[in-house]
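>
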Amino acid sequence: MKNPPSTDHAFVYSLYQRMLKDHLNYAYLGIFTQEITNSLINFIQGLLKITEGSRKIKKRVFYVMIECIQNVTRHQEMPGKAPPRSDGIFLFQSKTGMYNISMGNSIDNKHIDLLKEKLEKVNQLSKVELKEYYKTVLKNTVISEKGGAGLGLIEIARKSGNQLRFKFSKLDDNFSFFFMDTLINELEDANSEQMHFFNGVEVTEKVMDLMDLNHINLLYRGQFSEHKAFDMLDVIENVRFHEDQPPLVKKRIFRVVVEMLESISLHGADLKCLAGQKIGILLIGREGKTNRLVTGNIIMNDSAKTLAKKLDYINSMNEKKLNDFFIRKLDDEDMSDFKTDLGFVDMRRKSGNALSYQIVPVNSDCSFFSLEVNIEEK
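Counting along the sequence shown from 1, when you hit position 132 you're at 485 in the numbering used here, and nothing is skipped either side.
This is the structure we're talking about:
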């Protein structure tokens, strides 16, 4: 078994803080193939079931999300010269009745003026005018695989009930990266303060840079109490973020993620630190043929030393000793640490790698615990 990866865990805590500050729930950065798009839609549908909010608002949120994802999918393939980056990004933020959806993809510079014109037109129209404009465009447009004359943008504006904010960031002389976001709120019409609460475009740019730098495809922040972790597993089970990912590797990833989420449920601090919520983050990515699984959460300081000692001990064992330890634990009458010990042992055995971790003090009561497990594709 391999030694722990030389991971810079500082970015995990930095990302955790940013996600809390920006009310960021999840983000995906990667290629939007049809298979991955379908997988991502299933992922989002599952997450909305465990997200607070009325059925009506969730329906609007889901519709806008689908339109944004399809918009990225339609426009990521361009004829002629390939852009510097062919991936796209999708990001979701929420806070008490407000939901912000952001997306981004590369665009040919020669198409910017026309897209700007469409966006500005949509942003000028009232709800009633948007409905009529949609009918007019639909009547006079030939629908292609790329969509039709901005129908998707009109629908996003109609369903969100708010303006579409956007930005073009230059990649080179031929291409730029197009960012767009919109707000959906329970009260339909957002005031100026609400519209700028999430700063979706700015946050998306910064998060994309962090994900790029650390080879991350998926970010998720949420509550990981025992029942929430179980719900999250239903969401992840059918998700594949790379089309060439072998099925057996996907199964190993899922099994390790099961143990990692249960670890947050078991060790996550509540009450003193986070008002009763076991908040954690899950990161999934790939660097070359190495799949990266990372979790981060707050733990109580009085358990930090014991946790570190257990991880160091498990990392020190070879395969035979791990199996002996596993059997010994099964026969142990003291079941107090049964789940904890076997969970970490299972991560080690199923991944074939040692566990990389870091514990950083946050205050007199709490520390931040980050854990990375790597799974190699052979």
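For glycine and all other residues, C-beta sits at the position ideal for the given N, C-alpha and C.
For a test of the three-state rule: what should DSSP assign to Pro714, helix, strand or coil?
strand
> Quick check: the stretch 477 to 492 against the stretch 399 to 413, are there 3 or more CB pairs under 8 Å?
no
> With DSSP as the reference, please indicate the residues paired to Glu726 in a beta bridge.
It should be pointed out that residue 726 corresponds to Val in this sequence rather than to Glu. Leu646, per the DSSP bridge assignment.
> Name the one or two DSSP bridge partners that Ile454 has.
Phe445 and Thr535
> Under a three-way DSSP split, which group does Ser439 fall into?
coil
> Whole angstroms is fine: what's the gap from Asp526's alpha carbon to Arg438's?
13 Å
> Output yes or no for whether 8 Å exceeds the beta carbon distance between Val602 and Lys703.
no
> Can you tell me whether Asp534 is buried or exposed? The criterion is at least 16 other CB atoms within 10 Å of its CB, across all chains shown.
buried
> How is the beta strand (DSSP E) around Ala707 delimited, first residue to last?
Note, Ala707: premise wrong, no beta strand (DSSP E); not H, not E.
> Counting C-beta neighbours from all protein chains within 10 Å, is the total for Gln446 16 or more, i.e. buried, or is it exposed?
buried
> Sorted by chain position, which residues of the same chain lie with C-beta nearer than 6 Å to Ile397's C-beta, five sequence neighbours on each side aside?
Met418
> Does the stretch 693 to 701 come close enough to the stretch 659 to 678 to have 3 or more Cβ pairs within less than 8 Å?
yes
> Using three-state DSSP, classify Phe551 as helix, strand or coil.
Three-state result, Phe551: coil.
> What separation, rounded to the nearest whole angstrom, lies between the Cα atoms of Ser529 and Lys642?
Ser529 and Lys642: Cα-Cα distance of roughly 29 Å.
> Could you pull the start and end residues of the beta strand (DSSP E) that Gly399 belongs to?
Segment Gln387 to Lys402 is the alpha helix (DSSP H) holding Gly399; no beta strand (DSSP E) there.
> With distances taken from CA atoms, which of Val560, Thr449, Gly705 and Glu555 is nearest Gln370?
Val560
> Go ahead and pull the three-state DSSP assignment for Glu498.
In this prediction, Glu498 scores a pLDDT of 47, lower than 50, which makes its location untrustworthy; the coordinate-derived value is nonetheless stated afterwards. Glu498 carries a coil assignment under DSSP once its states are collapsed to helix, strand and coil.
> Could you tell me the alpha carbon to alpha carbon distance between Val713 and Lys448, rounded to whole angstroms?
27 Å
> Using the rule of at least 16 other Cβ atoms within 10 Å of the residue's Cβ for burial, across every protein chain shown, is Gln576 buried or exposed?
buried
> Measure the beta-carbon distance from Met451 to Asn538 and round it to whole angstroms, keeping in mind my assumption that it falls under 8 Å.
5 Å
> So, with DSSP's three-state summary, where would you put Glu640?
In the three-state DSSP reduction, Glu640 falls in the strand class (E or B).
> How long is the line joining the alpha carbons of Gly649 and His620, rounded to whole angstroms?
Taking the straight line from one Cα to the other gives about 11 Å.
> Relative to the C-alpha of Ser367, which residue among Lys471, Leu524, Ile454 and Ser723 is closest?
Ser723
> May I have the straight-line CA-CA distance separating Ala700 from Glu672, to the nearest angstrom?
Residue 700 is actually Met in this sequence, not Ala. Rounded to whole angstroms, Met700 to Glu672 spans 12 Å at the Cα level.
> What is the DSSP secondary structure of Lys411, counted as helix, strand or coil?
helix
> Would DSSP call Asp655 helix, strand or coil?
helix
> Out of Phe607, Phe521, Asp440 and Lys663, point me to the one whose CA is closest to Ile728's CA.
Phe607
> Run through DSSP, which three-state label would Ile384 get?
coil
> For Lys374, tell me which candidate among Phe551, Ala657, Lys731 and Ile460 has the shortest Cα-Cα distance.
Phe551
> Are Asn716 and Gly638 touching if we call contact CB-CB under 8 Å?
no
> DSSP beta-bridge partners for Ser720?
The partner list for Ser720 (beta bridge, DSSP) reads Ile652 and Pro714.
> So for Phe479, helix, strand or coil by DSSP?
Note on residue identity: the sequence assigns Ser, not Phe, to residue 479. Here Ser479 sits in coil by DSSP.
> Reducing DSSP to helix, strand and coil, say where Asn424 ends up.
helix
> How would you write the range of the alpha helix (DSSP H) that Tyr607 sits in, first residue to last?
Contrary to the premise, residue 607 reads as Phe rather than Tyr in this sequence. From DSSP, the alpha helix (DSSP H) with Phe607 extends over Pro600 to His620.
> Look up Tyr573 in the DSSP assignment and give the residues it is bridged to.
Its beta-bridge partners are Tyr379 and Leu635.
> Could you tell me the alpha carbon to alpha carbon distance between Ala380 and Asp684, rounded to whole angstroms?
43 Å
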